[in-house]
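Engineer:
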Amino acid sequence: MTSASGPTAAWRSGTQGGDLLPSGPAGRLSTPAGDGHGPESGPPTVTIGSYPDYPTAQRVVDYLADNRFPVEHSAIVGTNLTLVETVLGRMTTGRAGLLGAGTGAWFGLFIGLLFGIFTVGNWLAVILVGLVIGAIWGAVFGAVAHAMTGGQRDFTSASSLRAGQYAVIVDAQLADQARQLLGRMQMPSSATNAR
């Protein structure tokens, strides 16, 4: 009677180690750790300070880095997130055409440069023609796209996420070291440290 050996012996049911799957190209498979509800979040962390704005939190992490603290074990976490859409101005069909002309001009310049490389004659004329044609088509597409909205969005805006507070967190085993370093740092009175 021959004994099972080789790569298939480890995963045969009823044999020792039969619950294991054969190894694949990335190595041996293992069951996921944790509760099975997503990736592990890493080591436990502690909040060492909470600040009203990002530059202050950034200054704290920079101070830790300057004092040889292993900042790869820290993070800045924004909390109380708010979506802010800042209205930049009114959008008309003419303005949409003008913005489209600018975008089209850049694209036309790029295409003109590509064709200009392979032109034997006047390559500057090819670049200028590409720029003009791009600007015209960009203006047409910009105006038509705005006209098709039917006046439902006659303004331009920029969206951004803003946090109400910024917490600096570090791995729990390094929290005391970070707090000692922060005790020596001169912070503005508006910053509140969480202990």
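Here the sequence shown is numbered in this note's numbering, starting from 3 and rising by one per residue. Note that beta-carbon positions come from the ideal geometry of N, C-alpha and C, so glycine has one too.
(1) Contact between the stretch 90-100 and the stretch 154-161 is defined here as three or more beta-carbon pairs at a separation below 8 Å; is this criterion met?
(2) Would you identify the three-state DSSP class for glutamine 167, choosing helix, strand or coil?
(3) In whole angstroms, give me the CA-to-CA distance for alanine 149 and glycine 96.
(4) Alpha carbon to alpha carbon, how far is leucine 133 from glutamine 167? Give it in angstroms, no decimals.
(5) Using the rule of at least 16 other Cβ atoms within 10 Å of the residue's Cβ for burial, across every protein chain shown, is leucine 184 buried or exposed?
(6) Give the secondary structure of glycine 91 by DSSP, where H, G and I count as helix, E and B as strand, and everything else as coil.
(7) According to the neighbour-count rule (16 or more other Cβ atoms, all chains shown, within 10 Å of its Cβ), is glycine 20 buried or exposed?
(8) Inspect the CB distances between the stretch 97-106 and the stretch 136-152 and report whether three or more fall short of 8 Å.
Structural biologist: Reading off the structure:
(1) Result yes; three or more Cβ-Cβ pairs closer than 8 Å.
(2) As a working mapping, residue 167 is identified with position 165 in the sequence shown. Note: glutamine 167 maps to strand in three-state DSSP.
(3) Within the sequence shown, the letter at position 147 stands for residue 149. Within the sequence shown, the letter at position 94 stands for residue 96. Answer to the nearest angstrom: the Cα atoms are 10 Å apart.
(4) Counting from one through the sequence shown, the residue named residue 167 turns up at place 165. Counting from one through the sequence shown, the residue named residue 133 turns up at place 131. Rounded to the nearest whole angstrom, the C-alpha separation of glutamine 167 and leucine 133 is 47 Å.
(5) Position 182 of the sequence shown, counting from 1, holds the residue named residue 184. By the neighbour-count rule (16 or more Cβ atoms within 10 Å), leucine 184 is buried.
(6) Here residue 91 refers to the residue found at position 89 of the sequence shown. DSSP, reduced to helix, strand and coil, places glycine 91 within a strand of the structure shown.
(7) Position 18 of the sequence shown, counted from the start, is the residue given in the question as residue 20. Because the pLDDT at glycine 20 is just 46, under 50, the model does not fix this residue reliably, and the value given afterwards should be weighed accordingly. A residue is called buried once 16 or more other Cβ atoms fall within 10 Å of its Cβ, and glycine 20, having fewer, is exposed.
(8) Inter-segment contact for the stretch 97-106 and the stretch 136-152 is present: three or more beta-carbon pairs are separated by less than 8 Å.
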